[in-house]
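First up is the structure itself, then whatever we jot down about it.
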Amino acid sequence: MLNRADNTPASKILIVDDLPENLELLYHVLTDAGYDVDRALDGESALEQINHHPPEVILLDVMMPGLNGYELCQQLKACPQTRDIPVIFISALAEINNKVKGFEVGGVDYITKPFEIEDVIVRVKNQLTIVEQQKQLQEQKAQLEKEIQERRRVETALQQSIKREKTSARVIQRMRQTLNLNKIFKSTTVELRKVLHCDRVVIYQFNPDWSGKVVAESVETGWIPLIKAQYHDPVMTQTAILNSDCVFESLTETSEILVEDTYLQETQGGVYRRGVIYRCVENIYQAQFSPCYINFLERFQVKSYLTVAIFCANQLWGLLGAYQSSDFRKWHHIEISMVVQIASQLGVAVQQAQLFTKIQEQTEELKIAKKAADSANAAKSEFLANMSHELRTPLNAILGFAQIMKKDDSLLLEQRKHIEIINRSGEHLLDLINDVLELSKIEAGKTTLNETRFDLLILLDNIKDMLRLKAESKGLIFKFYISNTVPQYIIGDERKLRQILANLLGNAIKFTTTGRVQLRVSAGFKPLSEDELSTQNTNRFLPLNLSARSEAIKEERKINIQFEIEDTGAGISPEELPLLFEAFTQTEVGRKSGQGTGLGLPISRHFIQLMGGDIQVKSIPEKGSTFTFEIQARIDRETSFSPDQNQQQIVHLAPDQNSVRILIVDDDADNCSLLVKMLNRIGFEVQEARDGQEALDLWQSWRPDLICLDMQLPILDGFAVARQIRSQEQQHSIPILAITASVFEQDRQSIAVSGCNDWISKPFKEEVLLEKIKEHLGVEYIYQEPDFSYTFPKITTSLVSSALKTQLAMLPDSFIQQLHHAATQCSDDLVLQLIDQIPEEFMDLSQVIQEWVLNFRFDLIIDLTYQIQSSKQ
Numbered sequence: 006m007l008n009r010a011d012n013t014p015a016s017k018i019l020i021v022d023d024l025p026e027n028l029e030l031l032y033h034v035l036t037d038a039g040y041d042v043d044r045a046l047d048g049e050s051a052l053e054q055i056n057h058h059p060p061e062v063i064l065l066d067v068m069m070p071g072l073n074g075y076e077l078c079q080q081l082k083a084c085p086q087t088r089d090i091p092v093i094f095i096s097a098l099a100e101i102n103n104k105v106k107g108f109e110v111g112g113v114d115y116i117t118k119p120f121e122i123e124d125v126i127v128r129v130k131n132q133l134t135i136v137e138q139q140k141q142l143q144e145q146k147a148q149l150e151k152e153i154q155e156r157r158r159v160e161t162a163l164q165q166s167i168k169r170e171k172t173s174a175r176v177i178q179r180m181r182q183t184l185n186l187n188k189i190f191k192s193t194t195v196e197l198r199k200v201l202h203c204d205r206v207v208i209y210q211f212n213p214d215w216s217g218k219v220v221a222e223s224v225e226t227g228w229i230p231l232i233k234a235q236y237h238d239p240v241m242t243q244t245a246i247l248n249s250d251c252v253f254e255s256l257t258e259t260s261e262i263l264v265e266d267t268y269l270q271e272t273q274g275g276v277y278r279r280g281v282i283y284r285c286v287e288n289i290y291q292a293q294f295s296p297c298y299i300n301f302l303e304r305f306q307v308k309s310y311l312t313v314a315i316f317c318a319n320q321l322w323g324l325l326g327a328y329q330s331s332d333f334r335k336w337h338h339i340e341i342s343m344v345v346q347i348a349s350q351l352g353v354a355v356q357q358a359q360l361f362t363k364i365q366e367q368t369e370e371l372k373i374a375k376k377a378a379d380s381a382n383a384a385k386s387e388f389l390a391n392m393s394h395e396l397r398t399p400l401n402a403i404l405g406f407a408q409i410m411k412k413d414d415s416l417l418l419e420q421r422k423h424i425e426i427i428n429r430s431g432e433h434l435l436d437l438i439n440d441v442l443e444l445s446k447i448e449a450g451k452t453t454l455n456e457t458r459f460d461l462l463i464l465l466d467n468i469k470d471m472l473r474l475k476a477e478s479k480g481l482i483f484k485f486y487i488s489n490t491v492p493q494y495i496i497g498d499e500r501k502l503r504q505i506l507a508n509l510l511g512n513a514i515k516f517t518t519t520g521r522v523q524l525r526v527s528a529g530f531k532p533l534s535e536d537e538l539s540t541q542n543t544n545r546f547l548p549l550n551l552s553a554r555s556e557a558i559k560e561e562r563k564i565n566i567q568f569e570i571e572d573t574g575a576g577i578s579p580e581e582l583p584l585l586f587e588a589f590t591q592t593e594v595g596r597k598s599g600q601g602t603g604l605g606l607p608i609s610r611h612f613i614q615l616m617g618g619d620i621q622v623k624s625i626p627e628k629g630s631t632f633t634f635e636i637q638a639r640i641d642r643e644t645s646f647s648p649d650q651n652q653q654q655i656v657h658l659a660p661d662q663n664s665v666r667i668l669i670v671d672d673d674a675d676n677c678s679l680l681v682k683m684l685n686r687i688g689f690e691v692q693e694a695r696d697g698q699e700a701l702d703l704w705q706s707w708r709p710d711l712i713c714l715d716m717q718l719p720i721l722d723g724f725a726v727a728r729q730i731r732s733q734e735q736q737h738s739i740p741i742l743a744i745t746a747s748v749f750e751q752d753r754q755s756i757a758v759s760g761c762n763d764w765i766s767k768p769f770k771e772e773v774l775l776e777k778i779k780e781h782l783g784v785e786y787i788y789q790e791p792d793f794s795y796t797f798p799k800i801t802t803s804l805v806s807s808a809l810k811t812q813l814a815m816l817p818d819s820f821i822q823q824l825h826h827a828a829t830q831c832s833d834d835l836v837l838q839l840i841d842q843i844p845e846e847f848m849d850l851s852q853v854i855q856e857w858v859l860n861f862r863f864d865l866i867i868d869l870t871y872q873i874q875s876s877k878q
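So the sequence shown is numbered by my numbering: it starts at 6 and just counts up by one.
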């Protein structure tokens, strides 16, 4: 018996047999199996029941009086309403020809008597399953047909949308190619008219009083242009002027032709200003227009039109109109959408053009303001320089006598310590005086970091010793709390950090009468930047010997150092906090103290920002203040590279070595020439190629020992060259050194995949290139004897002799300015051209500057020329 878990109705089955005992047996069997069973004793009554209540399966006896089973089945299969009902013949006729006939007339199964009950149930169940599956297939078919129709509809709409987008993109692209509104309007009206296949497109602009004018028009040949007609017929709509309902009014002026919309003027923009984006009219005679407007439209043979509002910065600027004169027209929603989009972009174009005009006007105003500001800054800088000189003179005496007293052997240890504090404080004061001039450099954007390796803990001790006596003289608790996370040796700008701490701690002591002043210092590692991570990750892809560089990154890892200066002093009012870091501005407490210039905090904040941090202030009046800032530095461990280590210059290849051939591949003539000169000077045999194909030819014919390969080449790029070499070489694998200007990780991975062994990033130093060659070929060099009086990495313009400075100062000011400009552009070509202009008697100066250029030390040229220019002011 079937167990139904749901409430679905039982399947209906009809049994047709002229023997009542057979009917009764099958009835009970199928009813017990859970089916809804009907019975019929002959074919005629069975046919009547089927027509009124069609069953899902029919069990049909063959031998019956009147209409036998075969005949009944034939009638059922001939009727569209009953042809799909499965018929199972059940008969005592077991011959094969009887079964064949049963299947021929449309039966789906044939059961012979006597039968097994289970066999009947299974066959009925199978047919019901087939019926259900057929229903599902029909439903699925209908659903698929529906989906196909929907997809076709969507595809058609998508194609129309793509066409619209392409057209809009083309029109918008032309808008973006210029800020000239006349060109934009002209190209837009022409393009839009062609796309819409309409007879006229116009752009109408509102005036501030809501009158307006047609500023651009494109009209199909054969139709009357609005602007031209207006020019020839200035009183075209004089009769309409008297009618307030008339939409257009024609006027003429001496300079331009207008078509004014008096209706929109009277309604201040009409429906468009009230938020209506567009108005679509398919038939002007069905739009309930006034007779005046109908007459005007008929004058220009307009039968249908579409107008869209143009908004500029949320203000109604004008209208974009498309007109059909040849016939009435139903505007498609895709066309409307396209015109709306173009009108929107027209608004953007108008806004950008207006902004460009405004910027030009403001630029002129800024030039005038800048000239005035430069004059004011020059006066201020002159004042600062004079003040610095007045302070240096007495300080020179203080420091001089302190040094003399320090050499007196009769002083006690305590006295020597005091003299040392005086000397350090004087030196610090001298730094402060020098930094007064720093303000001018800050305002000119010329302040830079001078990073060196120094002992941070000693710096903190020195500052503490320098300020302790002042704090203790006021009875203050003066404490430093330094976390064990703070490194001892760092790389940073020691002088600027000293000034920051001295400024902030000095202010805290100055404005605190009772209580304490304390400094807390802590540190935390800064996460590696993406550039550093990409440098380390390169090791997974490139056989480039970057392990040493990775170790250097670990040894000089960036770290954030936090400083917190807390005091229990007078505090700062909330109103004065915004002015705290303004130059030449002091708080009320500062003015009352009569000390300071108001420069310390502004300079300190700029230095902190220059070192990658910022400063915050919390203050409560009468309770105290807390200044917190952080800087970025690099840890310099004792095992790291010493900046004072002398590096020997490579002079030539060592003797008793086989000749070494190097192929230079670069399409840039200057780069090629540079590499050839570098390598020829050392003793290498060099050939050069300017494109990828020439490189392959030389590799095959000349057989170099190493290839310096630029990756951006004509004909075949460097990647293709490397791949072809790797695919063609048989035994010897030639080292390929990629020379690239790219800094992107994916390009470096592509270099490795193409077959290059190593890479150098442009611009590079000569010693880096030579060391790479040594690494891959194992060559030996002769080095210049070390000169311990000169260490290149520590070169500064302070080491340049006064004679060289004098030589440069004797050259024309225009030459010095050109040299300074070329150095700021890092243009070795321009600098080398200028060197050729230096007189022969200044040969020493030429050689020094040329050496700086070859070693990419443009910073030294900038510093030297800046000193000369400053000394002449």
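Beta carbons are placed, not taken as given, at the ideal position from N, Cα and C, and that holds for glycine.
Values in this document were obtained by computation on a predicted structure and should not be read as measured data.
- Excluding its 5 nearest sequence neighbours in each direction, Ala-725 has C-beta neighbours in its own chain below 7 Å: Gly-697, listed in chain order.
- Within its own chain, the residues whose Cβ lies closer than 8 Å to the Cβ of Leu-231, once the five positions on either side in sequence are excluded, are Arg-205, Val-207, Val-219, Glu-222, Val-224, Val-264 and Phe-305, listed in chain order.
- Under the three-state reduction of DSSP output, Tyr-871 falls in the helix class.
- Leu-782 has its alpha-carbon roughly 36 Å from the corresponding atom of Glu-456.
- Shown here for Ala-814: same chain residues with a beta carbon closer than 6 Å to its own, the five before and five after excluded, namely Ile-873 in chain order.
- Arg-181: not part of any beta strand (DSSP E); member of the alpha helix (DSSP H) spanning 122-181, first to last residue.
- Each residue's CA atom was taken as its position, placing Tyr-486 and Asp-868 some 39 Å apart.
- In the displayed model, Gly-605 falls within a helix according to three-state DSSP.
- In chain order, Ile-289 place their CB closer than 7 Å to the CB of Leu-302, counting only its own chain and leaving out the 5 sequence neighbours on each side.
- In terms of Cα proximity to Leu-311, the closest of Val-344, Asp-672 and Glu-845 is Val-344.
- Annotation: the stretch 275-324 contains the following complete segments of the alpha helix (DSSP H) (minimum length 4 residues), in chain order: 275-278 and 296-304.
- For Gly-431, the three-state secondary structure derived from DSSP is helix.
- A contact is defined here as three or more CB-CB pairs under 8 Å, and the stretch 324-332 meets this definition with respect to the stretch 343-358.
- In this structure, the straight-line span from the alpha carbon of Asp-332 to that of Ser-309 is close to 7 Å.
- By the CB criterion at 7 Å, Ile-741 and Leu-703 fall outside the cutoff.
- Rounded to whole angstroms, Val-665 and Val-858 show a C-alpha spacing of 27 Å.
- Measuring C-alpha to C-alpha distances from Arg-521 to each of Ile-482, Ala-507 and Ala-828 identifies Ile-482 as the nearest.
- Boundaries around Cys-677 are those of the alpha helix (DSSP H), 674-687, since no beta strand (DSSP E) includes it.
- Contact between the stretch 146-153 and the stretch 166-184 is absent: fewer than three C-beta pairs spanning the two stretches fall below 8 Å.
- Residues Ile-55, Pro-59 and Leu-81 of the same chain have their beta carbon placed closer than 7 Å to that of Thr-87, with the five preceding and five following residues left out of the count.
- Runs of the beta strand (DSSP E) spanning 3 or more residues and lying entirely within the stretch 442-501 occur at 457-460, 482-487 and 494-497, in chain order.
- Assignment of beta-bridge partners to Ser-766 by DSSP yields Thr-745.
- Within the same chain, no Cβ atom closer than 8 Å to the Cβ of Pro-583 is found once the five residues on either side in sequence are excluded.
- Secondary structure note for Lys-218: its beta strand (DSSP E) is the uninterrupted segment 217-224.
- Proximity to Ile-339 across Lys-171, Ile-608 and Ala-700 peaks at Lys-171, based on C-alpha coordinates.
- Ranked by Cα distance from Glu-771, the options Gln-822, Leu-684, Asp-710 and Val-758 are led by Leu-684.
- Between the stretch 102-110 and the stretch 120-136, the count of Cβ pairs shorter than 8 Å is below three; the stretches do not touch.
- The Cβ-Cβ distance between Ile-427 and Leu-510 does not fall below 7 Å.
- Straight-line measurement puts the Cα of Ser-342 at about 16 Å from the Cα of Arg-334.
- Ser-96 counts as buried, since at least 16 other C-beta atoms from the protein chains shown sit within 10 angstroms of its C-beta.
- One Cα belongs to Val-313, the other to Tyr-328, and the distance between them is close to 12 Å.
- Note on geometry: alpha-carbon atoms of Ala-674 and Val-836 lie some 18 Å from one another.
- In the displayed model, Tyr-786 falls within a strand according to three-state DSSP.
- For a cut-off of 8 Å, the C-beta gap from Ile-620 to Thr-631 is around 11 Å, too long to register as a contact.
- The three-state reading of DSSP puts Lys-335 in coil, since its state is none of H, G, I, E or B.
- For the 7 Å CB-CB criterion, Val-21 and Ala-38 do not form a contact.
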